[in-house]
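S.K.: Have a look at this one before I ask anything.
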Amino acid sequence: MKTNVKNNFKLIEHATIDSLKIRCLLSKVTILDTSILDEKTKYIISDSTGEIIEETKVKHLSKEIKFQHYSIKVAIVSKYDFTLKTNVDYLEIYLHSKILEENYFQGITISNIEAIYKKLIEAKVFNISFEDFLTSKINDVDVKKDFLCSNEHFKDLTTYLKKIAISSNRRNKGCHKYENGNIEFNTRQTSTSASPFLKLYNKELEAIERKSEFFDYYFNVNHFRNLKRIEATLKTSKDLKTSLNISEATLLNLLKCDTSQLNEIIAKAVNTNLKEIEAIKIKKSSKIRSNNLDKMIYLHITNMIDNQKLFFEDALKVTLEHFESDKQNKYRMKQKMIKIYAEEIAPGTNKKVNLKRIELLSLIGWDKF
Numbered sequence: 013m014k015t016n017v018k019n020n021f022k023l024i025e026h027a028t029i030d031s032l033k034i035r036c037l038l039s040k041v042t043i044l045d046t047s048i049l050d051e052k053t054k055y056i057i058s059d060s061t062g063e064i065i066e067e068t069k070v071k072h073l074s075k076e077i078k079f080q081h082y083s084i085k086v087a088i089v090s091k092y093d094f095t096l097k098t099n100v101d102y103l104e105i106y107l108h109s110k111i112l113e114e115n116y117f118q119g120i121t122i123s124n125i126e127a128i129y130k131k132l133i134e135a136k137v138f139n140i141s142f143e144d145f146l147t148s149k150i151n152d153v154d155v156k157k158d159f160l161c162s163n164e165h166f167k168d169l170t171t172y173l174k175k176i177a178i179s180s181n182r183r184n185k186g187c188h189k190y191e192n193g194n195i196e197f198n199t200r201q202t203s204t205s206a207s208p209f210l211k212l213y214n215k216e217l218e219a220i221e222r223k224s225e226f227f228d229y230y231f232n233v234n235h236f237r238n239l240k241r242i243e244a245t246l247k248t249s250k251d252l253k254t255s256l257n258i259s260e261a262t263l264l265n266l267l268k269c270d271t272s273q274l275n276e277i278i279a280k281a282v283n284t285n286l287k288e289i290e291a292i293k294i295k296k297s298s299k300i301r302s303n304n305l306d307k308m309i310y311l312h313i314t315n316m317i318d319n320q321k322l323f324f325e326d327a328l329k330v331t332l333e334h335f336e337s338d339k340q341n342k343y344r345m346k347q348k349m350i351k352i353y354a355e356e357i358a359p360g361t362n363k364k365v366n367l368k369r370i371e372l373l374s375l376i377g378w379d380k381f
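So in the numbering used here, spot 35 of the sequence shown is number 47, and the numbers just go up one at a time.
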């Protein structure tokens, strides 16, 4: 752990930019270190005949600018411009928020982008004016939102998301849940606006097991207890322009977007990957109960769980929507439903009602109730 850093972790409760690809016109760039960047190792992504190398593969071929316990990848690429009818060369920068070091959790913002720019320039690998840097094109933007949640509640949430995820028979499409509770929808390579990449994962576990060198140096990982993250990707310039309502997919236009727009990127990815709740049809039951209201509640809950295949928390939320005009009556009905469920319907091994799941679904932006 870095000795001069103490208690530097602070939860940012809104969405921020975690990483992105910046594509600077090479004509605006001066190469200073040819051992890292050299036009002789230019990667031709496309020409007039079409794609030559997949853009997703270029990052793996790129060189690294090394910093203290992390690196930033860069590459020179050539891409065909159908408007100009010629290939155009670019410097691609695969920027991520580790460059913020102890301010990593802030994400990349309009307020820290100049400091990020200066750090890149001070590495003396390339030079570009700040203005040209800001007006460079972007894509592959990852937006993240951190939240606190116990491992038990996180695994319950992702189990639920797996159940209601839109299924797909296509390779690398649909939902995949891991044993540790992490869950992914689609892949970065195959994602589209109709099936966007989305993942929820245990950030505490990642810091301890996968990338400990960076986190151990800049943070006390004990402060990450119960830290989880949801992350969504806007892959193309078209996705960025449509989702953020911007005229051009440039770094500056992205950074001008407010937190509500970034939150909406995550919420949209969540809702696109999950199924609508089907219309509920209440079936009759022959079970006799003494109190008519309790009987109706019992029948209603049992039907929604057994026949409609809902979790009790879903049934509770759907039912209580019909009591919005009378808050006191809504509260009484909620308590009665919970009591009947816990005493007479819940499995014998699990009598607890998981209201935390409802809170977490709202937090990540699911609006299909």
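Ideal Cβ positions, reconstructed from N, Cα and C, are used throughout, including at glycine.
1) Rounding to the nearest angstrom, what Cα-Cα distance links GLU218 and ASN124 in this structure?
2) Can you list, in chain order, the stretches of the alpha helix (DSSP H) that have 4 or more residues and sit fully within the stretch 54–97?
3) Quick one: using the 10 Å Cβ neighbour count with 16 as the cut-off for buried, is ARG344 buried or exposed?
4) Measure the C-alpha to C-alpha separation of ILE65 and THR53 and round it to an integer number of angstroms.
5) Can you tell me the Cβ-Cβ gap for VAL70 and TYR55, rounded? I've got them flagged as a contact below 8 Å.
6) For PHE115, which option in THR28, SER255, ILE176 has the closest C-alpha, if you only look at C-alpha atoms?
7) When the Cα of LYS307 is compared with those of ILE352, LEU373, ASP251, which residue comes out closest?
8) Between the alpha carbons of ILE313 and PHE335, how many angstroms are there, rounded?
9) Please give me, in chain order, every unbroken run of the beta strand (DSSP E) with length at least 3 that falls completely inside the stretch 193–255.
10) Exposed or buried, LEU383, counting other C-beta atoms within 10 Å across all chains shown (16 or more means buried)?
11) May I ask you to report which of helix, strand or coil DSSP gives LYS110?
12) If you follow the alpha helix (DSSP H) that ASP326 is in, where does it begin and where does it stop?
13) Helix, strand or coil for ASN283, going by three-state DSSP, please let me know.
14) Nearest by alpha-carbon distance to ASP168: which of GLY377, ARG183, LYS368, TYR102 is it?
15) Please state the DSSP three-state secondary structure of TYR116.
16) Of all the options TRP378, TYR310, ASP338, which has the alpha carbon lying nearest to the alpha carbon of MET349?
17) Applying the criterion that 16 or more other CB atoms from any shown protein chain within 10 Å of the CB defines a buried residue, is ASP158 buried or exposed?
18) So what's HIS26 in DSSP terms, helix, strand or just coil?
19) Determine the burial state of ASP251: buried for a count of at least 16 other Cβ atoms within 10 Å of its Cβ, exposed for fewer.
20) Mind the definition here: the stretch 238–248 touches the stretch 199–211 only if three or more C-beta pairs lie below 8 Å; say whether that holds.
21) Is the separation between the beta-carbon of THR262 and that of THR147 shorter than 8 Å?
22) Keeping to the same chain, check which residues put their C-beta closer than 8 Å to that of PHE142; ignore five residues upstream and five downstream.
23) Counting only the same chain and skipping the five closest in sequence on each side, list residues whose C-beta sits under 6 Å from that of HIS108.
24) Is it right to say LEU103 is buried, meaning 16 or more other beta carbons lie within 10 angstroms of its own, or is it exposed?
M.R.: In short:
1) 25 Å
2) 67–73
3) exposed
4) 14 Å
5) 5 Å
6) The residue asked about is misnamed: residue 115 is Asn in this sequence, not Phe. Out of THR28, SER255, ILE176, THR28 has the C-alpha closest to the C-alpha of ASN115.
7) Nearest C-alpha to LYS307: ILE352.
8) 16 Å
9) 195–197, 210–214, 239–246
10) No answer is possible for residue 383: the residues shown for the chain start at 13 and end at 381.
11) helix
12) 324–332
13) helix
14) LYS368
15) helix
16) When each option's Cα is compared against that of MET349, the closest is TYR310.
17) buried
18) coil
19) buried
20) With a cut-off of 8 Å, the stretch 199–211 and the stretch 238–248 count as touching, because enough Cβ pairs lie within range.
21) yes
22) Listed in chain order, the non-local C-beta contacts of PHE142 below 8 Å within the same chain comprise GLU126, TYR129, local neighbours out to five positions each way being set aside.
23) The residues SER31, in chain order, have a CB closer than 6 Å to that of HIS108 in the same chain once the five nearest residues on each side in sequence are set aside.
24) By the C-beta density criterion, LEU103 is buried, having at least 16 other C-beta atoms within 10 angstroms.
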